[in-house]
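Residues in the sequence shown are numbered consecutively from 0, following numbering that gives the first Met the number 0.
Virtual Cβ for every residue (Gly too), placed ideally from N, Cα, C.
Being a predicted model, the structure only gives us computed values, none of them experimental.
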Amino acid sequence: MATIRVREAATEVDVQVAADIHFAAFRQDAMNILMHPPNGVPSAEGKTAFAAMLRPTPAAATAVAVAEKDGDAPATVSAAALPDSTKQKTILVLAESSVTGATVGYAKWTLREEPLVLDADDGSGNPPPSQPAPPGDDGGVREYFFGALKRKRRECTKDDPALALSQPLKGTYTSILVLEIIAANPQYQRSGAASAILSWGTKLADGLGLPTFLEATAAGYPLYLRYGYEPVDVLDFNVTERWGLQKGEGHDWGTNSAVGIAGPLPEGVYRIAIMRRLPRPLA
Numbered sequence: 000m001a002t003i004r005v006r007e008a009a010t011e012v013d014v015q016v017a018a019d020i021h022f023a024a025f026r027q028d029a030m031n032i033l034m035h036p037p038n039g040v041p042s043a044e045g046k047t048a049f050a051a052m053l054r055p056t057p058a059a060a061t062a063v064a065v066a067e068k069d070g071d072a073p074a075t076v077s078a079a080a081l082p083d084s085t086k087q088k089t090i091l092v093l094a095e096s097s098v099t100g101a102t103v104g105y106a107k108w109t110l111r112e113e114p115l116v117l118d119a120d121d122g123s124g125n126p127p128p129s130q131p132a133p134p135g136d137d138g139g140v141r142e143y144f145f146g147a148l149k150r151k152r153r154e155c156t157k158d159d160p161a162l163a164l165s166q167p168l169k170g171t172y173t174s175i176l177v178l179e180i181i182a183a184n185p186q187y188q189r190s191g192a193a194s195a196i197l198s199w200g201t202k203l204a205d206g207l208g209l210p211t212f213l214e215a216t217a218a219g220y221p222l223y224l225r226y227g228y229e230p231v232d233v234l235d236f237n238v239t240e241r242w243g244l245q246k247g248e249g250h251d252w253g254t255n256s257a258v259g260i261a262g263p264l265p266e267g268v269y270r271i272a273i274m275r276r277l278p279r280p281l282a
């Protein structure tokens with residue numbers, strides 16, 4: 000049976016491949032279209048800026064995982080040998096077909112060892128921009144979206160007793176593993192890439208005894224449930240009212256995401272589900 004091998008990215012070519020997969024996978028995503036008008040394709044400068052955010056911390060981990068194509072077989076992964084030089088470590092992983100060698104997916108994981116701190120807040124709900132938006136990108140949408148995500152992440156990890164890094168007497172853990180981004184190559188649908196990457200990440204988290212945290216779009220939400228993530232909150236963006244974008248036929252903005260805790264998705268709203276997974280004993 001063909002397998003999907005998950006390996007850590009090691010070269011600049013790996014980073015560029017991951018960036019290509021990202022924009023192919025999210026081409027029709029509502030927020031991506033708004034950030035990269037008019038059709039979700041970033042400028043060359045925008046793609047370069049995004050790729051820079053994917054670069055891994057050198058020697059961030061040494062784990063290797065292999066999962067069956069269907070994603071159901073458990074991956075094997077060693078506990079990572081993580082350096083102590085920084086409080087935030089980026090791990091970029093690629094999923095590859097064992098038959099063709101093609102890269103079928105990627106993910107960026109971050110190991111945080113300190114609470115998320117926002118810079119000076121102007122009251123708008125957005126942290127101040129760290130740099131100007133690349134040509135052709137809508138910097139206002141980008142700052143609004145990622146600023147809201149950052150504030151919600153701080154709120155959830157601060158107030159959740161299981162995830163509170165900023166309250167050591169209240170929290171259980173001193174570190175947290177965050178799935179920042181995951182995407183599968185649209186040319187290899189149903190290859191098992193996302194399942195293999197999630198299996199890799201959950202094994203890593205369980206090996207280190209750490210909780211994991213992510214923000215889920217509608218496309219990933221059902222798979223995250225399968226891997227033991229639970230919704231704890233949502234972020235609803237009224238994209239039609241705020242930016243005038245209409246939902247295209249067949250597009251899902253989160254109809255079935257976290258309905259149990261947040262209620263039905265209102266018309267014209269794009270929903271991100273905030274999810275967590277607590278560590279489990281290794282089998």
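By Cβ distance below 8 Å, which residues in the same chain neighbour residue i in space, the five residues on each side in sequence not counted?
{"i": "VAL231", "result": "CYS155, ASP159, ILE260, ILE273, MET274, ARG275"}
{"i": "VAL238", "result": "ALA29, MET30, LEU33, LEU244, TRP252, GLY267, VAL268, TYR269"}
{"i": "GLY27", "result": "One detail in the question is off: residue 27 reads as Gln in this sequence, not Gly. Correct list, in chain order: GLY39, GLY247, HIS250."}
Have a look at the options and flag the residue whose alpha-carbon is nearest the alpha-carbon of residue i.
{"i": "LEU222", "options": "ALA195, ALA9, GLY146", "result": "ALA195"}
{"i": "THR56", "options": "THR10, ALA18, SER174", "result": "THR10"}
{"i": "ARG241", "options": "GLY135, GLY39, GLN15, GLY267", "result": "GLY267"}
{"i": "VAL14", "options": "ALA24, LEU53, TYR220, ALA29", "result": "LEU53"}
{"i": "PRO133", "options": "HIS35, GLY45, ALA23", "result": "GLY45"}
{"i": "HIS250", "options": "ASN184, GLU214, ALA257, ALA218", "result": "ALA218"}
{"i": "LEU277", "options": "ALA215, THR211, ASN237, VAL12", "result": "THR211"}
{"i": "ILE284", "options": "ALA24, MET34, PRO131", "result": "Given a span of 0 to 282 for the chain in the structure shown, any question on residue 284 remains unanswerable."}
{"i": "SER174", "options": "TRP108, THR239, ALA215", "result": "TRP108"}
{"i": "GLY98", "options": "HIS21, GLN188, ALA147, THR2", "result": "Before going on, a small fix: residue 98 reads as Val here, not Gly. With distances taken between Cα atoms, VAL98 lies closest to THR2."}
Which same chain residues, not among the five before or five after residue i, have their C-beta less than 6 Å away from its C-beta?
{"i": "ASP235", "result": "VAL268, ARG270"}
{"i": "THR102", "result": "VAL16, LEU93, GLU95"}
{"i": "LEU197", "result": "TYR226"}
{"i": "ASP19", "result": "none"}
So, with DSSP's three-state summary, where would you put residue i?
{"i": "ASP235", "result": "strand"}
{"i": "TRP108", "result": "strand"}
{"i": "GLU7", "result": "strand"}
{"i": "VAL268", "result": "coil"}
{"i": "VAL12", "result": "helix"}
{"i": "PHE212", "result": "strand"}
{"i": "THR254", "result": "coil"}
{"i": "GLY156", "result": "Going by the sequence as given, residue 156 is Thr instead of Gly. Helix at THR156."}
{"i": "THR102", "result": "strand"}
{"i": "GLU95", "result": "strand"}
If you count every other CB in all the chains shown that lies within 10 Å of the CB of residue i, and 16 or more means buried, which is it?
{"i": "GLY247", "result": "exposed"}
{"i": "MET30", "result": "buried"}
{"i": "ARG111", "result": "buried"}
{"i": "GLY124", "result": "With a pLDDT of only 40 at GLY124, under the threshold of 50, the placement of this residue in the model should not be trusted; the figure read from the coordinates follows. By the 10 Å Cβ count, GLY124 comes out exposed."}
{"i": "ARG152", "result": "buried"}
{"i": "ARG279", "result": "exposed"}
{"i": "ALA215", "result": "buried"}
Determine, using beta carbons only, whether residue i comes closer than 9 Å to chain D.
{"i": "GLN245", "result": "The structure shown has no chain D; it contains just one protein chain."}
Quiz prompt | At least 3 beta-carbon pairs within less than 8 Å: the region 197-207 vs the region 136-153 | solution = no
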